[in-house]
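The structure under discussion appears below in the form of structure tokens.
Numbering (our numbering), first residue to last: 140 to 678.
And the structure:
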């Protein structure tokens, strides 16, 4: 017996759920296209050749870079966060916010700068030869063009992720727990290893997972330093060998790594709470170090800041001022970067608002919005660009036409919507429920409440989200390389092109402009976090 229409279950989607579903499809479509092509697109003899000759190398090198980057990041971030959070020493107030500054410079910019610093004719080896009287053949010097070199550069660029999460965890430690361990005769070293680190481990892992996702997604630094990671292999399979199916299968492996890292980050965030059985939770006050110990800690923090930000940026400024190369040809890429970043951040902002507002309405919208935003953020830009290329080929559009710019803006939004959704969600959660109830009692519908109540209240978070989106898109390289029309260079593309052609002097100015654009928001973030920490300590 066939079921009648009245016996069939009715599936109804509200307007907010339907809008969120459309936004989720826009965010997740490039990832889905890349995954489907990687699974079912074949590959033929080219894929068999890659499997037998290069797949192990790409995968092993990527995992090795992630492992080394983990070690470097932990060595830089955790001690710095520990001393800044719980000890008082000369310059602590400056280092507290200044150690976040490396976030302003993308990894490929630091790679250009450090390559110039460490080359045979660079300042480091020149000073070494002048001091010792040796020739270049008489001593060993670290090779930056290697997996350890790439790991060092990425650690310099990304250790603030772990520094921020570890600093927050250390600042919220329970003094009762530390005093209990001290009363049992534990030394400061044992307290740090057995009490402090286990309590802060979820937060450290969360920041580390974010940093490693960015490391796995990197193309610019790896390509410039000649390290054969999966990102480099994907770009080479598509661009040099014209094998999009092979590139899609390599992208599938990279997506698995990225999703694994995101899963670690989610689970770490879920385990971020610490159980406290005492009736009062007291955070420890900063302990003043002796003069000698304080100077040693200050010197260590300064060495980290010098290595990760001051020295490479100063070198770029020096080369740019000394040569003056590229200053006349910078206007067009600068304007192109502004146009693409502004359009992409506008679309990403709309999608982020849609996802966040939908999540506040029902669980279905919350689930699909979270999955879509997470998928877009976890997938590297090079994978999203590859998915867009497949969609372009299926729809019959040309990469060389205006459609390429539309698709590029779309990929920007797909990649970074999650970055804008986080501050928006936090801002919306601070909005008093009484305002929404008052607007509802006056007959305002959901859209009117959103425009007249929620968005004005959440304006601070909206501004932060817009700035974050704009800066992140300004730095994006692989997706722009793959999708931009001919003769449509951005600052990132121009810097990469000059550096790849061994014209580092010409690459310095666009690299500095990218860093300068990111410097303002990072300083603002640093100051806000410092003030928030001081207010929490005072309270």
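We put the beta carbon where it would ideally sit given N, CA and C, even for glycine. What you are looking at is a predicted structure, and each value in this text was computed from that prediction instead of being measured.
Item, Value
"Can the beta-carbon of residue 628 be found less than 8 Å from the beta-carbon of residue 472?", "yes"
"Once the 5 residues before and after residue 530 are set aside, which same chain residues still bring their CB inside 6 Å of it?", "172"
"Consult DSSP for residue 614 and reduce its assignment to one of helix, strand or coil.", "helix"
"Here's a check: name, in chain order, each residue in its chain whose Cβ is nearer than 7 Å to the Cβ of residue 654, leaving out the five neighbours to either side.", "243, 244, 248 and 452"
"Buried or exposed: which applies to residue 635, given that a residue is buried once 16 or more other Cβ atoms fall within 10 Å of its Cβ?", "buried"
"Pick out whichever of 548, 611, 170 and 515 has its Cα sitting closest to the Cα of residue 624.", "548"
"Report the option in 342, 372, 440 and 642 whose CA atom is closest to the CA atom of residue 199.", "372"
"Can you check DSSP and say which residues form a bridge with residue 226?", "426"
"Once you ignore the five residues that flank residue 426 on each side, which residues in its own chain have a CB closer than 8 Å to its CB?", "225, 226 and 227"
"Return helix, strand or coil for residue 343, following the three-state DSSP convention.", "helix"
"Rounding to the nearest angstrom, what Cα-Cα distance links residue 240 and residue 359 in this structure?", "20 Å"
"Below 8 Å between beta carbons: does that hold for residue 299 and residue 207?", "no"
"Quick check on this structure: which residue in 191, 661 and 229 has the alpha carbon closest to the alpha carbon of residue 441?", "229"
"Which of the three DSSP states, helix, strand or coil, is assigned to residue 401?", "helix"
"Rounding to the nearest angstrom, what Cα-Cα distance links residue 661 and residue 448 in this structure?", "13 Å"
"Whose CA, out of 212, 525 and 424, lies closest to the CA of residue 349?", "212"
"CB residue 658 to CB residue 456, shorter than 8 Å?", "no"
"Can the beta-carbon of residue 369 be found less than 8 Å from the beta-carbon of residue 402?", "no"
"Whole-angstrom Cβ separation of residue 551 and residue 367, contact assumed at under 8 Å?", "Going by Cβ atoms, the distance from residue 551 to residue 367 rounds to 27 Å, so no, they are not a contact pair."
"Please confirm if the segment 473-487 is in contact with the segment 264-274, defined as three or more CB-CB distances below 8 Å between the two stretches.", "no"
"Taking the straight line between their C-alpha atoms, what separation do you get for residue 469 and residue 648?", "8 Å"
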